[in-house]
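Counting in the numbering used here, the sequence shown runs from 172 upward without gaps.
Think of the CB as a built atom: it goes at the ideal place given N, C-alpha and C, for glycine as much as any other residue.
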Amino acid sequence: MILENKIIIVTGGSGLIGQEIIKDIRKKGGVPINADICIDTDLSENRIKTDITEQNSIIQTINEVIEAYGNVHGLVNNAYPRTNDWGNKFEDIQIESWKKNVDIQLNSLFFFSQQVLKIMSKQKYGSIVNMGSIYGVVGNDFSLYEKYGGTSPAPYSAIKGGIINLTRYLASYYGPQNIRINCVSPGGILDKKNQHPSFIERYTSRVPMKRMGQPDDIAPVVSFLLSEEAKYITGQNIVVDGGWTII
172 MILENKIIIV TGGSGLIGQE IIKDIRKKGG VPINADICID TDLSENRIKT DITEQNSIIQ
232 TINEVIEAYG NVHGLVNNAY PRTNDWGNKF EDIQIESWKK NVDIQLNSLF FFSQQVLKIM
292 SKQKYGSIVN MGSIYGVVGN DFSLYEKYGG TSPAPYSAIK GGIINLTRYL ASYYGPQNIR
352 INCVSPGGIL DKKNQHPSFI ERYTSRVPMK RMGQPDDIAP VVSFLLSEEA KYITGQNIVV
412 DGGWTII
């Protein structure tokens, strides 16, 4: 029960990885608050309808958590909003789309973190986990997409790389206040509904562990970083990728 009675906001808690993070926090004694745009607010079920792309929605969510639960001990920046043209090849990306994705992904993470850190600074305690990606660490293997003409979105790499280094900045800035900020960077997570069979096959053959990741490979690492078992770990990017980035 390493998270016993810890109040932890999880953005995008209804998504593929988010659901497993919620489940794992609960299993370890914490109180995960699902802050997601796809749900209705029901505090009895620990969920709040939240649009992380809107500042007022972020502020309202944090205020509701404080009013209902009295505190915020942790934040997981997991939500992953994106524009409808997400996935366009680099040469086809419109500058307006690029700016929008940076705004709704990176800038929203900044603002949510900033508002929560105001609370954590007063209590001199807290932990934030940001979700990065292997493609914020290494370059892309475009051979994965050759067979079906797909691609890896360029803003994804830029944004995730930014999140990873923002994590380091915040950890350095807030370390004296006993606030820890870390990052978890998953490798490819299996999602058969949205992944081409040739992508799955090529990815699986390339990764040393010969399988794609599962959400329950990621969630325990998030819980660990939120907990006091990681009380001297901050500013780190934990890569959970079955060995993808080692070769």
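*asked:* Out of Arg218, Val287, Asp211, which one is the CA nearest neighbour of Gln226?
replied: Val287
_Spatially closest choice to Ala390 from Ile229, Gln285, Val410, Asp312, by CA coordinates_ = Val410
_Could you compute how far the alpha carbon of Asp412 sits from the alpha carbon of Gly358?_
4 angstroms
*If I'm right that Ile178 touches Val247 with Cβ under 8 angstroms, what's the distance once you round it to whole angstroms?*
That belief does not hold up - the Cβ atoms of Ile178 and Val247 are roughly 12 angstroms apart, past 8 angstroms.
*Spatially closest choice to Ile417 from Val378, Ile233, Glu317, Gly183, by CA coordinates*: Val378
*Can you list, in chain order, the stretches of the alpha helix (DSSP H) that have 4 or more residues and sit fully within the region 342 to 371?*
none
*Per-residue DSSP class, three states only, for Ile210*: coil
_Beta-carbon spacing of Asn249, Ile188 below 8 angstroms_ = yes
_Beta carbon of Ile330 nearer than 8 angstroms to that of Cys354_ = no
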